[in-house]
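S.K.:
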Amino acid sequence: MPTFPVNTKKTIEDFDPPRRPKKNVFAMACAILASMTSILLGYDIGVMSGAAIFIKKDLKISDTHIEILMGILNLYSLLGSAAAGRTSDWIGRRYTIVLAGAIFFAGALLMGFATNYSFLMFGRFVAGVGVGYALMIAPVYTAEVSPASSRGFLTSFPEVFINAGILLGYVSNYAFSKLPTHLGWRLMLGVGSIPSVLLAVGVLAMPESPRWLVMQGRLGEAKKVLDKTSDSLDEAQLRLADIKEAAGIPEHCTDDIVEVSKKSHGEGVWKELLVHPTPAVRHILISAIGIHFFQQASGIDAVVLYSPRIFEKAGIKSDDQKLLATVAVGFVKTIFILTATFLLDKIGRRPLLLSSVGGMVLSLATLGVSLTIIDQSDEKLMWAVVLSITMVLSYVAFFSIGMGPITWVYSSEIFPLKLRAQGSSMGVAVNRVTSGVISMSFISLYNAITIGGSFFLFAGVATVAWIFFYTMLPETQGRTLEDMEVLFGKFHKWRAANALLKKKEQMELVNGASTTTDDHIQLGTKEQRN
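Residue numbers 541 to 1070, in the working numbering, belong to the letters of the sequence shown in order.
#1: Should the segment 932-944 be called in touch with the segment 954-971, which here means at least 3 C-beta pairs below 8 Å?
#2: Count the CB pairs spanning the segment 990-998 and the segment 624-631 that are closer than 8 Å, and state whether there are at least three.
#3: Would you mind working out which of I914, V1001, Y986, A591 sits nearest I831, comparing C-alpha positions?
#4: Measuring CB to CB, does T866 end up less than 9 Å from G611?
#5: Does the beta-carbon distance from V587 to S712 come in below 9 Å?
#6: When DSSP labels each residue in this structure, what does R1019 get in the three-state scheme?
#7: Could you give the distance in angstroms between the alpha-carbon of R633 and the alpha-carbon of L618?
#8: Output yes or no for whether 9 Å exceeds the beta carbon distance between F995 and L933.
#9: Can you check which of these residues, M943, G898, L863, is closest to R889 by C-alpha distance?
#10: Helix, strand or coil for I829 per DSSP?
#11: Identify which residue in F982, I579, I595, V685 has its Cα closest to the Cα of A842.
#12: Check the DSSP bridge columns for R758 and list the partner residues they point to.
#13: Any heavy atom of the ligand SAH closer than 8 Å to the Cβ of A574?
#14: CB-CB under 7 Å to F701, same chain, minus the five flanking residues each way: which ones, in chain order?
#15: Which residue spans inside the segment 814-893 form an unbroken alpha helix (DSSP H) run of at least 4?
#16: Could you give the distance in angstroms between the alpha-carbon of V809 and the alpha-carbon of M900?
#17: Which stretch, first to last residue, makes up the alpha helix (DSSP H) that contains D598?
#18: Looking at the structure shown, is P945 part of a helix, part of a strand, or coil, going by DSSP?
#19: Please classify N713: does DSSP put it in a helix, a strand, or coil?
#20: Quick check on M746: does DSSP put it in helix, strand or coil?
#21: Please determine if the segment 860-875 and the segment 683-696 are in contact, where contact requires at least 3 C-beta pairs separated by less than 8 Å.
#22: Would a C-beta distance cut-off of 9 Å place F876 and F1009 closer than the cut-off?
#23: Helix, strand or coil for F645, going by three-state DSSP, please let me know.
#24: Could you tell me whether the Cβ atoms of M755 and L959 are closer together than 9 Å?
#25: Curious, which full-length alpha helix (DSSP H) runs of at least 4 residues does the segment 601-688 contain?
#26: May I have the straight-line CA-CA distance separating L927 from K718, to the nearest angstrom?
#27: Excluding sequence positions up to five away, which residues of its chain have a Cβ less than 6 Å from the Cβ of G976?
#28: So, for A667: in the same chain, excluding its five sequence neighbours on each side, which residues have a beta-carbon less than 7 Å away from its beta-carbon?
#29: Could you check whether H722 and D860 sit closer than 9 Å to each other, using their CB atoms as the reference points?
#30: I'd like the span of the alpha helix (DSSP H) that includes L985, first residue to last.
#31: Using C-beta distances below 6 Å, list every residue in its chain close to M676, excluding the 5 sequence neighbours before and after it, in chain order.
#32: Here's a check: name, in chain order, each residue in its chain whose Cβ is nearer than 8 Å to the Cβ of P557, leaving out the five neighbours to either side.
#33: Here's a check: name, in chain order, each residue in its chain whose Cβ is nearer than 8 Å to the Cβ of P561, leaving out the five neighbours to either side.
#34: Given this structure, state the Cα-to-Cα distance separating S896 from L902, to the nearest angstrom.
#35: Compute the Euclidean distance between the alpha carbons of G839 and S772, then round it to the nearest angstrom.
#36: For R664, which residues in the same chain have their Cβ closer than 6 Å to its Cβ, ignoring the five residues on either side in sequence?
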């Protein structure tokens, strides 16, 4: 009898809670280091919004030149994200992150030392390639390292760091705005090279993605990484079994190094993704491309890049006040994205996404009304100015709590293992093209249909986005990455597949304590699935 309570205590100690902090801290450290690459894009977006004011004065260029300068980085980044899928399959996720940092470092220095518009555009080209690499690889690596129970939290880190970068860019604008015009904007752009140096040092402490290691036949190394990044050893074994199955490695094979029949260097993937996709892959592709398109088409980069101009149209004339109001935008964006990271795995992707887009529609429509009233009025209407500023802040808050992070979380977790790198790079390509088109045409757009009309247009796009998300995107919270092909493939009838998965889980719950424990570890907690 005396030993029975001791055994009970020992069994309890073997459950997840005692192990979780240690495991999740390591997974979080990996996610933070990988996601730091996203600071590079964020800083560039934020800093250009203010630097453009001084670049225009110093280089004496037109609004058209400014539009091109602002948006061209997004198109240049296509080269990076197009190459990143193949590169990450060849050299691994980890060294692709190092490459992204090195390329951006060179671009930031070139922009900082630019003597004319052409030189500046060349710097934008180099930095853009680095940004393309960073945008594609950070969410993929983080999704592959994260345990199912906290994947939403950890995979939202790239968006958190984009926002942190934007805020740093806004603060840099304000800090260097007091310097002589020719020096201020060069320092604003050149300082962007600092995060990439920190990234190159930090990445040395990161493990390689376990999924990539398995695809290369390095099972021993993959097992060590999974043991460190899972919530428990049981989950690590289940994750390894799932990855081995997806890679075509027999389950009984336990050697440290195995021969994989077809190593993943991207061969044949594009055919499977685009030419002969299964219904599940087609649904996944449409969902990933759709969510990336609507994230940018609803106008976020227009607001973030052109905040000073929007505030000028709202009635704020001083450069100092415009930059301060822009810092407020960055601050609100960062606070709400941090809030979103804690809600993703508690509330689920769909409720957050639909609430977020609904709030964006209301904010954009109200902003359109207030800016139209200011535009039509001969005198300064303080209530309309305050309403405009409030709606800009409301819009970025709603965006950051759902649409911002969920786009990256969702698109990186739904692709099957062998299609993930290329599928994610396609999503990023659509994201950057849409962003480039919006940011390179916003000044021309509001000159053509007024500033209020521009935001009515964005509100219309966001409404279409809400309908698309409601009908096409199933809930993926708590699902394993290898479960996605069951969940997708029914398009707008995905609820039937979801019901089947829930029924399967309920049947497994009846099968005994050990099965129940294992399934809960792999698929998330009971609360998550409800």
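Idealized CB from N, CA, C, for every residue including glycine.
M.R.: Checking against the coordinates, here is how it stands:
#1: no
#2: no
#3: V1001
#4: no
#5: yes
#6: coil
#7: 18 Å
#8: no
#9: M943
#10: helix
#11: F982
#12: I797
#13: In the structure shown, the ligand SAH is absent, as is every other ligand, since no ligand is present at all.
#14: S575, M576, S578, I579, G582
#15: 819-837, 840-845, 847-853, 859-887
#16: 36 Å
#17: 577-599
#18: helix
#19: helix
#20: coil
#21: no
#22: no
#23: helix
#24: no
#25: 603-631, 633-652, 657-685
#26: 29 Å
#27: G611, N614, L615
#28: D584, L613, F644, G647, A648, M651
#29: no
#30: 960-989
#31: S621, A624, S964, S965, V968
#32: Per-residue confidence for P557 stands at a pLDDT of 46, beneath the threshold of 50, marking its modelled position as unreliable; the derived number appears in the next sentence. So no residue of the chain qualifies.
#33: Interpretation of P561 is limited by its pLDDT of 44, a score under 50 that renders its predicted location unreliable; no figure is taken from the coordinates.
#34: 10 Å
#35: 42 Å
#36: I612, L613
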